[in-house]
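Novice: Okay, so the sequence shown: first residue is 295 according to the working numbering, each after it adds one.
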Amino acid sequence: MKPSLVIDSREQRPLEFANLQSVGGTLYSGDISILGMEHLVSWERKELNDLVQSVTRGRDRFERELHRLRGYHFRRVVIEGTEDAIMNHRYRSKASPKSILHSVYALECRFNIPFIWAGSRENAARIIERHAYWLHRDAMKLAEAMTKHAEAV
């Protein structure tokens, strides 16, 4: 059984997934989760310009979001861009590439949340689908094992 993804209803430009179904919903934190695992799994998706805005003018709000994400078993920030795009200043802001990247690295360490440079929207969707498949598979195996154990007792 394949998992279904939940896309937060507040998403302005939701990702399109090739291999997994998705449904709309309201998530406490993040932009995407797995149906039935919304309290355990969360992906925050960032386009490049949105990331830059989030680590500059919108930093307080972004830090509150990252703080909420710390409560999830599995959490990631998936960036639809590359470090190279930041280094080459391919974003709309006067902030220096060095300050943007250092902010990303600091937030990643401070909140213990991996930031994944996906490179593109399509690759971001593929990464999330892969994560979702394996997370759901492991959860189903654990549930099956627990059921067998409970029946044996």
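Cβ atoms here follow ideal geometry from the backbone N, Cα and C, with glycine treated the same way. Note that this is a predicted model, so its numbers are computed, not measured.
Using DSSP's beta-bridge definition, name the partner residues of residue 428.
Specialist: BP columns for residue 428 are empty, so no partner.
Novice: Nearest-angstrom Cα distance between residue 397 and residue 349?
Specialist: 6 Å
Novice: Check whether the Cβ atoms of residue 366 and residue 390 sit closer than 7 Å, and answer yes or no.
Specialist: no
Novice: Evaluate the contact criterion for the stretch 371-387 versus the stretch 405-422: three or more CB pairs, one atom per stretch, below 8 Å.
Specialist: yes
Novice: So, with DSSP's three-state summary, where would you put residue 329?
Specialist: coil
Novice: Can you tell me whether DSSP reads residue 311 as helix, strand or coil?
Specialist: coil
Novice: Does DSSP put residue 321 in a helix, in a strand, or in coil?
Specialist: coil
Novice: Suppose the cutoff is 6 Å on Cβ atoms and the five residues either side in sequence are ignored; what does the same chain contact list for residue 316 look like?
Specialist: Same-chain partners within the cutoff: 299 and 301.
Novice: So what's residue 340 in DSSP terms, helix, strand or just coil?
Specialist: It is a strand residue.
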